[in-house]
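Working notes, structure below.
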């Protein structure tokens, strides 16, 4: 007897297997190809992104081990020479790490044989920054392609913020259930009236399924409407870029006369205040709780400087030896740049081939 398909409900966790959207996956090789193509046309003339990275390089920010930062000290304008402080581990890692992109779109785009490469290419600098901000659990990026106009994108964003705040892993109050149902019905009717594809139930089902099953750092609602924008939905405040660095990040619009309202992707330039953050429940079956950690800068080391090491009754493979100290390890600060920490001289030596591309004595004392 065939298994019955779980019915769609706006208050129960959906499954990606229920989604009728077509998934197109671009692997890391495809991402590398897009980055190479982007670099061919960037970094020359009056390019906004090249100018922004150059301005960030010239700024004198107060540096901290747990503070977001973009560092470009040496070499030409290529991702392996631009380093980003990760928000989850505090490491300083180059932007040359690629990722796999999963693009969900309506079947009509497949019928017209439209490629998903331009979707990723359109927001490539933004994706490079967002990927570089995360050391772990960001090897896969999820994008849902829509044709929403500006007001519709605003309404959908507010709907998902409302749903995550009151019903994601929580018992929803009857009054909020009615409000969510009414807003869901209104959006469904709006999408049908304006002939939007995909329909709103499919967007709702796919996005919530990704949240439940994949636990991403962020999800992107992409719109190919020229008068709209693409929205980044973050799943925690920690993942949002800081205003101090990104307040003037380019909007992506090729028109030099555009204003702040003209943007291809809504990159949060005002920090958490200007970001769309979903209040996703964490802990237990809903995934690990989010906490900023400060790890040894050697990528293969998992020693944390701002957490107490776990207690162990004995030594075994994959566990902490009973001979390990119970106090926190203070870490060894790089004596030249003072930007990164290591647990030992050996790990500092192993990391030197990469760290040498950014290590430089500061011209002014660091705070």
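Numbering (the working numbering), first residue to last: 1145 to 1511. By construction, the Cβ of each residue, glycine as well, lies at the ideal position given by its N, Cα and C atoms.
Neighbour-count burial assignment, residue i, 16 or more Cβ in a 10 Å radius
i: residue 1233; result: buried
i: residue 1212; result: buried
i: residue 1333; result: exposed
i: residue 1329; result: exposed
i: residue 1489; result: exposed
i: residue 1158; result: buried
i: residue 1278; result: buried
i: residue 1395; result: buried
i: residue 1153; result: exposed
i: residue 1457; result: For residue 1457, the predicted structure reports a pLDDT of 40, less than 50, and the residue's modelled location is therefore unreliable. The matter cannot be settled from this model.
i: residue 1181; result: exposed
i: residue 1230; result: buried
i: residue 1176; result: exposed
i: residue 1336; result: exposed
i: residue 1269; result: buried
i: residue 1372; result: buried
i: residue 1388; result: exposed
i: residue 1319; result: exposed
i: residue 1432; result: exposed
i: residue 1097; result: Outside the shown range of the chain, which is 1145 to 1511, sits residue 1097, and nothing can be said about it.
i: residue 1168; result: buried
i: residue 1451; result: exposed
Residues of its chain near residue i, where Cβ-Cβ distance is below 8 Å and the 5 sequence neighbours each way are ignored
i: residue 1392; result: 1196, 1199, 1413
i: residue 1504; result: 1217, 1218, 1480, 1481
i: residue 1416; result: 1381, 1384
i: residue 1316; result: 1155, 1310, 1324
Residue from the options whose Cα sits closest to the Cα of residue i
i: residue 1497; options: 1447, 1442, 1183, 1153; result: 1442
i: residue 1293; options: 1368, 1436, 1213; result: 1368
i: residue 1411; options: 1446, 1366, 1437, 1370; result: 1366
i: residue 1348; options: 1307, 1359, 1360; result: 1307
i: residue 1236; options: 1269, 1276, 1202, 1203; result: 1276
i: residue 1356; options: 1251, 1501, 1386, 1423; result: 1423
i: residue 1445; options: 1360, 1352, 1280, 1324; result: 1280
i: residue 1226; options: 1272, 1248, 1353; result: 1272
i: residue 1440; options: 1495, 1183, 1238, 1298; result: 1495
i: residue 1360; options: 1168, 1156, 1421; result: 1421
i: residue 1161; options: 1373, 1214, 1354; result: 1354
i: residue 1183; options: 1224, 1228, 1507, 1438; result: 1224
i: residue 1283; options: 1297, 1502, 1239, 1475; result: 1239
i: residue 1506; options: 1151, 1203, 1178, 1168; result: 1203
i: residue 1295; options: 1214, 1374, 1151; result: 1374
Contacting residues, own chain, Cβ-Cβ under 7 Å from residue i (five flanking each side not counted)
i: residue 1434; result: 1380, 1382, 1426
i: residue 1362; result: 1274, 1376, 1377, 1378, 1379, 1383
i: residue 1473; result: 1447, 1449, 1487
i: residue 1192; result: 1394
i: residue 1351; result: 1288, 1304, 1363
i: residue 1386; result: 1212, 1415
i: residue 1263; result: 1247, 1287, 1289, 1366
i: residue 1419; result: 1378, 1384, 1412
i: residue 1164; result: 1346
i: residue 1516; result: Any answer about residue 1516 is impossible in this case: the structure gives the chain only from 1145 up to 1511.
i: residue 1299; result: 1331
Same chain, Cβ closer than 6 Å to residue i, five either side skipped, listed in chain order
i: residue 1254; result: 1166
i: residue 1477; result: 1485
i: residue 1267; result: 1409
i: residue 1390; result: 1413
i: residue 1201; result: 1216
i: residue 1467; result: Any reading at residue 1467 is ruled out, since the residue's pLDDT is 43, under 50, leaving its predicted position unreliable.
i: residue 1190; result: A caution first: residue 1190 carries a pLDDT of 48, below 50, which makes its placement in the model unreliable, though a value can still be read off. No residues qualify anywhere along the chain.
i: residue 1461; result: Reliability of the predicted coordinates at residue 1461 is poor, the pLDDT of 40 falling under 50, and no value is obtained from them.
i: residue 1327; result: 1303
i: residue 1260; result: 1168, 1247
Any C-beta of chain D under 8 Å from that of residue i
i: residue 1498; result: Absent from the structure is chain D; it holds one protein chain and no more.
key: 3-residue-minimum beta strand (DSSP E) runs that sit fully inside the segment 1355-1417, ordered along the chain   = Positions of the beta strand (DSSP E) runs, each at least 3 residues long and wholly inside the segment 1355-1417, are given as 1362-1367, 1374-1378 in order along the chain.
message = If we require 3 or more residues per run, which beta strand (DSSP E) segments fall completely within the segment 1152-1203?
response = Whole beta strand (DSSP E) segments, 3+ residues: 1166-1170.
ask   = For the 8 Å Cβ check, are there 3 or more pairs between the segment 1277-1295 and the segment 1334-1351?
value = Verdict: yes, contact present.
inquiry  = Could you check whether the segment 1240-1253 touches the segment 1166-1178, counting it as contact only if at least three pairs of C-beta atoms, one from each stretch, sit closer than 8 Å?
reply    = Result yes; three or more Cβ-Cβ pairs closer than 8 Å.
message = Report the start-end ranges of each beta strand (DSSP E) in the segment 1224-1310 that is 3 residues or longer and not cut off at the edges.
response = Taken in chain order, the whole beta strand (DSSP E) runs of length 3 or more contained in the segment 1224-1310 are 1227-1229, 1236-1238, 1244-1249, 1284-1290.
Segments assigned alpha helix (DSSP H), at least 4 residues, entirely inside the segment 1318-1344 = The qualifying runs are 1318-1337.
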